[in-house]
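The block underneath contains the structure these notes are about, expressed in structure tokens.
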Amino acid sequence: MIANLIDYLSDRLPTVTKVCYVAMAFIVFWSMSVDTSHAHTWAEKMIPGFWSLFGLASCAIVIMVARWYGKSGIQTREDYYDN
Amino acid sequence: MTISFMHPALIMIVGALLLPLFRGPFRKPYMILIPLLTFIDVVYLSGHPGTYGVFQFMDWELTFGRVDRLSMIFAFIMALMAIIGTIYGMHVEDEYQHMASWFYVAGSLGAIYAADYITLFLFWEMMAFASTFLIWARRDKAALEAGYRYILVHTFGGVILLLGFVLRYQATGDLSFDLLNVKNPELYTWLIMIGLMLNAAVPPLHSWLPDAYSKATAIGAVFMCAFTTKTAVYTLIRSCAGFEVLIYLGIIMAIYGIIYALMENDVRKLLGWEIISQVGYMVTAVGIGTTLALNGASAHAFAHILYKGLLFMGAGAILTVTGKQKLTDLGGLYKKMPATMIFMLIGGLAVSGLPLMSGFVSKSMIISAAFNEHILWAGFALTFVSAGTFLAAGLRLPYLLFFGKNNCSEETWEKAEDPSWNMQLAMTIGGFLCIFIGCYLPFLYDMLPYTEVSYHPYGAYHLSETIQIMAFTAFGFILLRKYILPTNTISLDLDWFYRKGGQIFLWTVKNPLQYMDTALSRFYEAVAISCLMETSKFWSWFDWNGIDGVVDGSARCVRAIGRRVTIVLQRGQIQQTICYTVSFAAVLLVAYVWL
Chain A
1 MIANLIDYLS DRLPTVTKVC YVAMAFIVFW SMSVDTSHAH TWAEKMIPGF
51 WSLFGLASCA IVIMVARWYG KSGIQTREDY YDN
Chain B
84 MTISFMHPAL IMIVGALLLP LFRGPFRKPY MILIPLLTFI DVVYLSGHPG
134 TYGVFQFMDW ELTFGRVDRL SMIFAFIMAL MAIIGTIYGM HVEDEYQHMA
184 SWFYVAGSLG AIYAADYITL FLFWEMMAFA STFLIWARRD KAALEAGYRY
234 ILVHTFGGVI LLLGFVLRYQ ATGDLSFDLL NVKNPELYTW LIMIGLMLNA
284 AVPPLHSWLP DAYSKATAIG AVFMCAFTTK TAVYTLIRSC AGFEVLIYLG
334 IIMAIYGIIY ALMENDVRKL LGWEIISQVG YMVTAVGIGT TLALNGASAH
384 AFAHILYKGL LFMGAGAILT VTGKQKLTDL GGLYKKMPAT MIFMLIGGLA
434 VSGLPLMSGF VSKSMIISAA FNEHILWAGF ALTFVSAGTF LAAGLRLPYL
484 LFFGKNNCSE ETWEKAEDPS WNMQLAMTIG GFLCIFIGCY LPFLYDMLPY
534 TEVSYHPYGA YHLSETIQIM AFTAFGFILL RKYILPTNTI SLDLDWFYRK
584 GGQIFLWTVK NPLQYMDTAL SRFYEAVAIS CLMETSKFWS WFDWNGIDGV
634 VDGSARCVRA IGRRVTIVLQ RGQIQQTICY TVSFAAVLLV AYVWL
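Next up, the structure:
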């Protein structure tokens with residue numbers, strides 16, 4: 001049943017993508033209307049969609065750091081420790 | 084009112100010892116009964132806080148049962164996980180594995196209720212040894228080696244802890260296991276913290292965790308992911324709350340774990356790195372040390388045991404049915420293992436802190452505690468890690484396992500199916516609790532150790548913050564996922580120093596040292612032995628000719644004189660003999676009189 005649902009959605013990938021973009025736009029729009037009195041710093045109050053940018057930047061940074069670190073010689077062949 | 088105290092660890096130990104006697108149809112009911120009894124005992128004790136099980140042993144007072152709110156919540160979740168883990172492994176016939184896991188649970192419960200360092204140390208070591216058998220139960224070479232590394236590292240940690248509390252006892256005469264003076268730390272404070280920290284897998288003492296958990300058996304890893312690190316978090320809350328260095332170590336730990344999780348190819352190693360990252364939140368909270376932070380650490384440990392157990396159960400299910408645990412050997416499994424997929428998604432979303440899931444209500448408490456104390460960098464760093472966590476466990480892992488490119492061989496694809504009923508039941512309980520905790524706050528929040536603080540996770544601002552981060556992390560993943568696809572590699576870590584260090588030591592022993600030893604033997608043979616032989620020959624000659632000559636010569640001389648005397652004086656005539664004797668006597672008499 002779930003497999004069918006996933007197949008159904010993946011057959012309609014462009015529509016699913018569009019729905020996701022709309023949802024993201026809605027989330028950012030909603031975040032601007034939320035009361036920011038509980039914000040921790042001024043940056044969150046001043047920058048609209050602060051946490052969206054933070055999420056995207058975090059994701060990009062962590063991926064690129066992991067990639068750079070791995071390629072710098074940390075990732076090595078699987079039998080490295082075998083004699 | 085007197086309360087009859089039955090230590091929950093004792094139920095597990097006796098239960099484990101009697102387990103081999105229950106066979107056939109009695110085995111499964113027995114395996115449900117014992118953890119259930121333990122759980123009921125823990126719940127019963129929670130209603131009766133106090134100090135129980137105090138024994139006098141030589142000069143020391145050992146306290147086995149300190150029941151307060153802090154030990155209560157940890158014992159509750161450990162006993163609950165013991166039930167889930169046992170149900171999960173019920174189909175396995177290997178009774179030694181079940182015995183090891185029950186001893187392991189007993190060690191954890193014993194450490195949680197212990198109120199002095201000797202009792203703590205006893206159960207601490209029980210945990211280390213019992214869990215080693217869960218690795219060895221896999222019975223292959225890699226597991227055997229990993230087990231040895233694991234036990235050696237934990238023995239090292241145990242010795243540091245022992246050294247710490249013995250020094251403390253010498254300095255203060257106090258063995259009670261309570262909050263240390265972390266504002267003015269002594270050498271023993273550091274040693275105790277390091278000993279406890281090793282079990283919490285805080286860098287640089289963390290490498291044992293992904294190494295061991297990825298090599299353990301499927302059910303072994305389910306138990307291991309719950310008990311060792313979270314018991315260590317409990318002991319850190321108990322003894323090191325407010326130790327500032329833990330904030331820095333915790334943040335490093337959280338970031339370090341997530342970077343390695345993203346590079347990892349082995350599913351269970353990836354989950355191991357995730358544990359390090361998540362325990363980083365708890366360690367940071369212990370370092371912050373406020374009541375909100377400590378509540379957060381306890382709540383996060385509680386939630387973490389359930390969702391991480393769920394993820395390890397899912398990974399164990401895949402390993403059990405397909406025999407594979409590398410992402411490069413798996414993929415596209417949603418068609419074959421839909422139930423496992425749902426459970427792993429629930430686990431992955433719970434660890435990521437999706438609203439209405441357990442991670443959301445526990446993790447945010449720690450982040451709020453950091454912001455409330457105005458440690459802004461720590462708050463932002465932990466939020467950054469929560470995006471990374473969603474990326475690693477909520478997106479990358481399910482994507483590569485169940486969707487994405489199908490790397491399964493034909494044989495793996497044939498074998499892949501949802502696991503046995505008991506494994507699915509255990510995952511259902513775990514999955515249900517992950518959602519239940521996120522939806523019904525009092526269940527977890529009423530159990531938290533410090534009642535004077537309150538926390539409300541479901542504020543509009545916090546919801547909007549979390550949803551934005553998650554949505555845009557997902558967007559970033561879609562764009563950049565090609566950079567974190569799995570490869571057939573392992574990632575070098577600090578265990579390099581003892582794994583390669585060990586090999587270098589072995590090589591040094593085998594090659595240069597062995598060579599020097601052989602050379603020394605040859606030199607000895609050539610020079611020393613011949614010198615020794617010549618010297619011995621000389622002494623032998625000297626002995627024969629010198630010493631023996633003198634001794635024999637004197638003997639011969641005495642014999643010759645004797646013979647002459649005999650010839651001259653004893654001719655056999657009695658008159659002559661009497662004459663000599665009387666003359667001699669007269670000479671003596673005269674000499675005596677005159678002198």
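Sequence lines, in order, name chains A and B. Each step along the first sequence adds one to the number in the working numbering, with nothing skipped, and position 63 is 63. Each step along the second sequence adds one to the number in the working numbering, with nothing skipped, and position 494 is 577. Note that the Cβ used here is the ideal one computed from N, Cα and C, for glycine as well. No experiment lies behind these values; they were computed from the predicted model shown.
What's the gap between the Cα of B/T374 and the Cα of B/V536?
Distance from the CA of B/T374 to the CA of B/V536, rounded to the nearest whole angstrom, comes to 7 Å.
Candidates A/A57, A/D79, A/M46: which alpha carbon is nearest B/F560's?
The shortest C-alpha to C-alpha distance from B/F560 to any of A/A57, A/D79, A/M46 is the one to A/A57.
Exposed unless 16 or more other CB atoms sit within 10 angstroms - verdict on B/H539:
exposed
Residues near B/A295 in its chain [Cβ-Cβ closer than 6 Å; skip 5 each side]
I218, A229, Y233
What runs of the alpha helix (DSSP H), each 4 residues or longer, lie entirely inside the segment 7-73 of chain A?
13-33, 42-46, 50-69
Can you have a look at B/S574 and say buried or exposed, based on whether 16 or more other CB atoms are within 10 angstroms of its CB?
buried
Residue burial classification, A/S10 (beta-carbon count within 10 angstroms, cutoff 16)
Its Cβ having fewer than 16 others within 10 Å, A/S10 is exposed.
Could you confirm whether any beta carbon from chain B is found closer than 8 Å to the beta carbon of A/G41?
Contrary to the premise, residue 41 of chain A reads as Thr rather than Gly in this sequence. True, the Cβ-Cβ gap to chain B drops below 8 Å.
Other residues of its chain near B/I552: CB distance less than 8 Å, five sequence neighbours each side excluded:
T466, S469, A470, F473
Between the alpha carbons of B/M95 and B/T549, how many angstroms are there, rounded?
41 Å
Chain-ordered neighbours of A/T76 on chain B, where CB pairs are closer than 7 Å:
T572, I573, L575
Given B/D223, which residues of its chain have a CB within under 7 Å of its CB, disregarding the five upstream and five downstream residues?
none
Confirm, please, whether the CB-CB distance from B/I243 to B/L274 is below 8 Å.
The answer is yes: Cβ separation under 8 Å.
For the segment 403-414 of chain B and the segment 327-338 of chain B, state whether three or more C-beta atom pairs, one from each stretch, are separated by less than 8 Å.
no
Near B/N348, what residues of its chain come up, given a Cβ to Cβ distance below 7 Å and the 5 sequence neighbours on each side ignored?
K409, L410, T411, P569, T570, N571, T572
Since B/R564 is in the beta strand (DSSP E), which residue starts that stretch and which ends it?
Counting along the chain, B/R564 falls outside any beta strand (DSSP E), and DSSP gives it neither H nor E.
Euclidean distance between Cα positions of B/V37 and B/K298:
Nothing in the structure corresponds to residue 37 of chain B, since chain B is present only between 84 and 678.
Tell me which same chain residues have a C-beta within less than 6 Å of the C-beta of A/S52, skipping the five on either side of it?
V28
So which of B/R564, B/Y271, B/M599, B/A643 has the shortest CA-CA distance to A/R67?
B/R564
For B/I573, write down the residues that DSSP places opposite it in a beta bridge.
A/T76
Is the CB-CB distance between B/A380 and B/V369 below 8 Å?
yes
Please state if the CB of B/Y179 and the CB of B/N505 are separated by a distance shorter than 8 Å.
No, the pair does not count as a contact, with Cβ atoms beyond the cut-off.
Where B/M84 sits in the DSSP three-state scheme:
Note that B/M84 has pLDDT 42, beneath the 50 cutoff, so the model's placement of it is unreliable and no number is given.
Taking only beta-carbon positions, decide if A/I47 is within less than 8 Å of chain B.
no
For B/T691: DSSP bridge partner residues:
Lying outside 84 to 678, the shown extent of chain B, residue 691 of chain B is not represented and no answer is given.
Beta-carbon gap between A/Y69 and B/I342 smaller than 8 Å
yes
Within 8 Å (strictly less), CB to CB, does A/L9 reach chain B?
no
Element boundaries [alpha helix (DSSP H), containing B/V634]
631-652
Secondary structure of B/K111, DSSP reduced to three states:
helix
The segment 21-37 of chain A: positions lying closer than 8 Å to chain B by Cβ
Shown in chain order are the members of the segment 21-37 of chain A whose Cβ falls below 8 Å from a Cβ of chain B: A23, M24, I27, V28, W30, S31, V34, D35, T36, S37.
What does the Cβ neighbour count give for B/W356, buried or exposed, with the cut at 16 atoms within 10 Å?
buried
May I ask you to list the residues that DSSP assigns as paired with B/D349?
B/K409
Between which two residues does the alpha helix (DSSP H) holding B/Y171 run?
B/Y171 -> alpha helix (DSSP H) spans 152-171.
At the level of alpha carbons, what is the spacing between B/A315 and B/I587?
32 Å
Put B/S619 into one of helix, strand or coil per three-state DSSP.
helix
The alpha helix (DSSP H) with B/I587 in it runs from where to where?
578-591
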